[in-house]
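Residue 22 in the numbering used here sits at position 31 of the sequence shown, with consecutive numbering throughout.
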Amino acid sequence: MSLPNETPVASSPRPPEYKGAPLDAGRGPGLGCFWVQVVLLAVFIVLAPLSAVLNWGPALATIFLIGVLVLLLLVGQTSIFLLRLVAADRKGRRAPLRSATKTVGQIDDEQRSATGDDVGESR
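Here's what the structure looks like:
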């Protein structure tokens, strides 16, 4: 039984996109960029309260606080991008790395090919 608002699920979903094109590992930030951002964030997190306690001046404390906020945003966005890369890589393989059993997607694909159904059933 299908609900009126459900759309049929395709047997092979589109690859994830980044800026309108298929997601490519070489186009975005890498792990090196991510770790540099994390180290800078850790340094700024330590220096922000120290600057207030040691009376380094309100301007410097403000710069450290704004730096923490900006670096939190950058680290978060970079980690999301890297997680999407991992997901795109796994989706391309469609098989577990070290498993003797079939995935749900592989079982569904075999059932669809056996019945000749190109479009997946809506649930």
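A virtual CB, placed ideally from N, CA and C, is assigned to each residue, including glycine.
Where does residue i fall in DSSP's three states?
i	result
residue 47	coil
residue 21	coil
residue 107	coil
residue 91	coil
In or out: residue i buried (at least 16 other Cβ within 10 Å) or exposed?
i	result
residue 104	exposed
residue 60	exposed
residue 68	exposed
residue 38	buried
residue 52	buried
Would you mind working out which of the options sits nearest residue i, comparing C-alpha positions?
i	options	result
residue 63	52, 91 and 34	34
residue 20	66, 57 and 32	66
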